[in-house]
Amino acid sequence: MGIEVGGLLGLIWLIILIWAIVKVAKSPAGPVAKLLWILALLLFPLVGLIVWLLMGPKG
């Protein structure tokens, strides 16, 4: 049962991360800001997502 729960949580985390990347890509921010946010999300998924949710581009 532990593998199924871990797999489900991993899938949910992946969906949230993809959603955040799409939101960044569609934001009105400049190309450099978008690139930096996407890199932060990919290189530091947990911290990057938390920081993006608190301080990232709105819209």
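At position 5 of the sequence shown (counting the first as 1) the number is 5 in full-length UniProt numbering, and the numbers step up by one without a gap.
Think of the CB as a built atom: it goes at the ideal place given N, C-alpha and C, for glycine as much as any other residue.
Rounded to whole angstroms, the separation of the alpha carbons of Leu14 and Pro28 is 24 Å.
In chain order, Ala40 and Leu41 place their CB closer than 7 Å to the CB of Gly48, counting only its own chain and leaving out the 5 sequence neighbours on each side. With 16 or more neighbouring CB atoms inside 10 Å of its own CB, Val24 falls in the buried class. Following the DSSP letters along the chain, one finds Gly48 inside the alpha helix (DSSP H) bounded by residues Pro45 to Met55. Short of 8 Å from the beta carbon of Trp52, and not among the five residues preceding or following it, lie these beta carbons of its own chain, in chain order: Ala20, Val24, Trp37, Ala40 and Leu41.
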